[in-house]
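This note's numbering numbers the first residue of the sequence shown as 17 and each following residue consecutively.
All residues carry an ideal CB built from backbone N, CA and C; glycine is no exception.
The next block holds one structure in the form of structure tokens; read it before the comments.
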Amino acid sequence: MDNTKKQEDFHDKIALYYNTYVKKEIFDYYISVRVKQILKSIGSKNSKNLVMMDGACGTGELAFLLSKHFKKVVGMDLSENMINLCKSRYENITNLEYKKQDILNLSSWKNKFDLICCTDLHHLCGKQNVKKFLETAKKALKKDGVLFITDTNMGNLIVSRVVNKINKKFHAGNEIYLTKKEIELLLNKTGYKITNSYYFGLCPSFSPKSLIPFFDSLGNLISKTPLEKVSVNFYIIANSR
Ligand SMILES: C[S@@+](CC[C@H](N)C(=O)[O-])C[C@H]1O[C@@H](n2cnc3c(N)ncnc32)[C@H](O)[C@@H]1O
Numbered sequence: 017m018d019n020t021k022k023q024e025d026f027h028d029k030i031a032l033y034y035n036t037y038v039k040k041e042i043f044d045y046y047i048s049v050r051v052k053q054i055l056k057s058i059g060s061k062n063s064k065n066l067v068m069m070d071g072a073c074g075t076g077e078l079a080f081l082l083s084k085h086f087k088k089v090v091g092m093d094l095s096e097n098m099i100n101l102c103k104s105r106y107e108n109i110t111n112l113e114y115k116k117q118d119i120l121n122l123s124s125w126k127n128k129f130d131l132i133c134c135t136d137l138h139h140l141c142g143k144q145n146v147k148k149f150l151e152t153a154k155k156a157l158k159k160d161g162v163l164f165i166t167d168t169n170m171g172n173l174i175v176s177r178v179v180n181k182i183n184k185k186f187h188a189g190n191e192i193y194l195t196k197k198e199i200e201l202l203l204n205k206t207g208y209k210i211t212n213s214y215y216f217g218l219c220p221s222f223s224p225k226s227l228i229p230f231f232d233s234l235g236n237l238i239s240k241t242p243l244e245k246v247s248v249n250f251y252i253i254a255n256s257r
């Protein structure tokens, strides 16, 4: 079974439990951070004129919150159960659509989006498929479109090697945490122009919510020093040109 099929089956199985993995208040906090960062990524453009896609939208919260700011939002996910959940939660919102779609192949969406965001997908794909996604997303973006990626940063090579080994045993398939630098290299190879990239956040998801902003502010400070790689998340914003 190929990795994409494994991911589909795995996420179909966990769709109903996905939101129980992290405490709701912590999940909500991170989603609200992402909304702010995504709005920042479009610079001076007016979001109300922009059509965007949330690639690998999972249970759909981010796409829903973004629909309050953008002209239109399409949330896409490989898992039918995830998409059905999104549809049942967020009904009758005229500028919000959810679709079952493998986002490693967006050939029927050429030149459709001003912005594509993709949160916590890349560690599930394997390096070859991350490249495939970047290539297909570039074609789905309009000229001068924005690609916004965030994923978990594994700090350093030793940590990421250990986590990647553990992942192989307990996850669906081909999970591998690429570093920020590795994704940046792939973006350069596929012809994007990186406009901003940074590490953000320190907080482990089990800490009390009240402490998260404090940890995140430490993460922000650290990310300005050579210790930056101990941050938890990385964000990369790139332009399709
Ligand atoms: C870790 S979850 C992240 C969900 C959401 N973006 C978030 O940040 O909570 C990964 C999601 O990616 C989806 N996915 C995995 N491979 C995909 C692909 N090739 N195309 C579309 N969705 C995919 C899975 O079904 C799952 O819902």
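Boundaries (first-last residue) of the beta strand (DSSP E) holding residue i
i     : result
Ile42 : Careful: Ile42 lies outside any beta strand (DSSP E), inside the alpha helix (DSSP H) at Lys40 to Ser57.
Per DSSP, the bridge partner or partners of residue i
i      : result
Asp70  : Gly91 and Cys133
Tyr214 : Tyr251
Leu157 : Phe129
Asp18  : Answer by DSSP bridge pairing: none, since Asp18 is not bridged.
Tyr26  : Here residue 26 is Phe; the residue named in the question, Tyr, does not match the sequence. Looking at the DSSP assignment, Phe26 forms no beta bridge with any residue, so it has no partner.
Leu163 : Ile132 and Ala254
Lys209 : Asn255
Thr168 : Asn249
Opening and closing residue of the alpha helix (DSSP H) in which residue i lies
i      : result
Ile228 : Ile228 to Ile238
Asn204 : Lys196 to Lys205
Phe80  : Glu77 to Leu82
Residue i to residue j span [Cα, whole Å]
i      : j      : result
Phe85  : Lys64  : First, the residue type needs correcting, since residue 85 is His and not Phe in the sequence shown. His85 and Lys64: Cα-Cα distance of roughly 6 Å.
Gly142 : Ala72  : 15 Å
Asp25  : Asp18  : 11 Å
Leu112 : Tyr45  : 22 Å
Lys103 : Lys181 : 35 Å
Ile253 : Gly59  : 11 Å
Asp118 : Ser239 : 33 Å
His27  : Asn97  : 8 Å
Lys126 : Lys40  : 36 Å
Gly76  : Glu198 : 28 Å
Glu151 : Lys205 : 10 Å
Ile54  : Gln23  : 26 Å
Asn35  : Leu120 : 24 Å
Ile192 : Lys88  : 32 Å
Leu203 : Leu94  : 23 Å
Tyr208 : Ser233 : 29 Å
Glu244 : Thr135 : 20 Å
Lys148 : Leu82  : 25 Å
Pro242 : Asn100 : 44 Å
Ile174 : Asp167 : 18 Å
Tyr33  : Gly74  : 11 Å
Glu107 : Leu66  : 21 Å
Pro229 : Lys196 : 22 Å
Val38  : Ile47  : 12 Å
Test: residue i CB closer than 8 Å to a CB of chain C
i     : result
Lys52 : This model lacks chain C altogether; it includes just one protein chain.
| Can you list the beta strand (DSSP E) stretches of 3 or more residues lying completely in the segment 90-138, in chain order? | 112-116 and 129-135
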